[in-house]
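Residues 1051 to 1292 (this note's numbering) make up the sequence shown, in order.
All residues carry an ideal CB built from backbone N, CA and C; glycine is no exception.
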Amino acid sequence: MQFKSKVVLITGGGSGIGKACCQIFAERGASVAVIDIDAKKAKSSANEISDRNDIKGTAQAFPADVSLLNDAKRIVDNIQDVLGGVDTLVNCAGIQRYGTAVSTSEDTWDEVIRVNLKSMFLMSKYVLPKMIQRGGGSIVNVGSVQSLGAVADSLAYVTSKHGVLGLTRSIAIDHGRENIRATCVCPGAIDTPMLRWSISREGDSEKVLEICKKAHALGRIGQPNEVAKLIAFLASEEGSFL
Ligand code: NAP
């Protein structure tokens, strides 16, 4: 019950890693705001939690496109009104697109930077004053191994994920003395709809999956809840000096 009476906002909460986060935080007592661009997925993720009798926390769906200023502002205000505050923000919403500097269109560049990076800025911008008012809080951003290195044909994604590290470090430096902790996780390949879509682009999905597994020290890909548990640790009091 690490998160009893804590309000936790999770973007991209309708699928994959974000959905696993919603479950872990709710299992540990949080009031979870499930934010996703897809209203149906947000609702179903929240309902899966509400339907479980063994969960002490709660979950409510808040559909929004967090890459748009008006949506980000509206949703944060709305959550404050409905749930009574904001303690933790998990910025997980993201998209994957492919291309080099030559083949990436301006529209694709703008879309990836807007969804993967600008959304984290906007959500932080509106959440931080509310956290500060409450005496502190924590923000966990979902980067990627591609925050730390590049893979081929992924220019916009790699650039956006490198940016997530800079954004995280800036928030940590600017707001640490207001008792705000900002951290970033950089997962490898995790078994989510995004990963399955990515490998389905290649002719032989099974072969690509094997390559993904071999690229990891453990010889396998990760599961969404393995990342969610790390995110919950970073956001909790257990991670109080991070
Ligand atoms: P996922 O299963 O596709 O989940 C992402 C969710 O975010 C989807 O429900 C998506 O909706 C939603 N979303 C997209 N744009 C949004 C927006 N503008 N506003 C609100 N919600 C939005 O992907 P995932 O694999 O769990 O990825 C989650 C995060 O982990 C991403 O930031 C990703 O870059 C990162 N990551 C993933 C892996 C991996 O191997 N899976 C590895 C490292 C990092 P739609 O489906 O409708 O777009």
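{"Query": "Buried or exposed: M1170, going by 16 or more other Cβ atoms within 10 Å of its Cβ?", "Result": "buried"}
{"Query": "For G1144 versus D1203, is the C-beta spacing smaller than 8 angstroms?", "Result": "no"}
{"Query": "Measuring alpha carbon to alpha carbon, tell me which of L1198, F1075, Y1176 ends up nearest V1277.", "Result": "F1075"}
{"Query": "Looking only at its chain, what residues have a beta carbon closer than 6 angstroms to the beta carbon of A1080, apart from the 5 residues adjacent to it on each side?", "Result": "F1053, K1056, V1058, G1107"}
{"Query": "Taking only heavy atoms of ligand 1 into account, decide whether any of them is closer than 7 angstroms to the Cβ of M1173.", "Result": "no"}
{"Query": "State yes or no: is the C-beta of T1061 nearer than 7 angstroms to some heavy atom of ligand 1?", "Result": "yes"}
{"Query": "With burial defined as no fewer than 16 other Cβ atoms inside 10 Å of the residue's Cβ, what is the status of A1267: buried or exposed?", "Result": "exposed"}
{"Query": "Starting from the Cα of V1162, find the closest Cα among G1213, D1121, D1254, G1134 and give me that residue.", "Result": "G1213"}
{"Query": "Is V1152 helix, strand or coil when you go by DSSP?", "Result": "coil"}
{"Query": "Quick one: what's got a C-beta closer than 7 angstroms to G1134's C-beta in the same chain, skipping five residues either side?", "Result": "V1057"}
{"Query": "Could you name each continuous beta strand (DSSP E) segment of 3 residues or more that falls completely within the segment 1199-1242, going from the start of the chain to the end?", "Result": "1230-1235"}
{"Query": "Would you check whether ligand 1 has a heavy atom nearer than 7 angstroms to the C-beta of Q1128?", "Result": "One detail in the question is off: residue 1128 reads as Asn in this sequence, not Gln. It does not: the Cβ of N1128 is nowhere closer than 7 angstroms to a heavy atom of ligand 1."}
{"Query": "So D1131 is in the alpha helix (DSSP H); what residue range does that whole segment cover?", "Result": "1119-1133"}
{"Query": "Roughly how many angstroms lie between the CA atoms of C1262 and G1068, to the nearest whole one?", "Result": "21 angstroms"}
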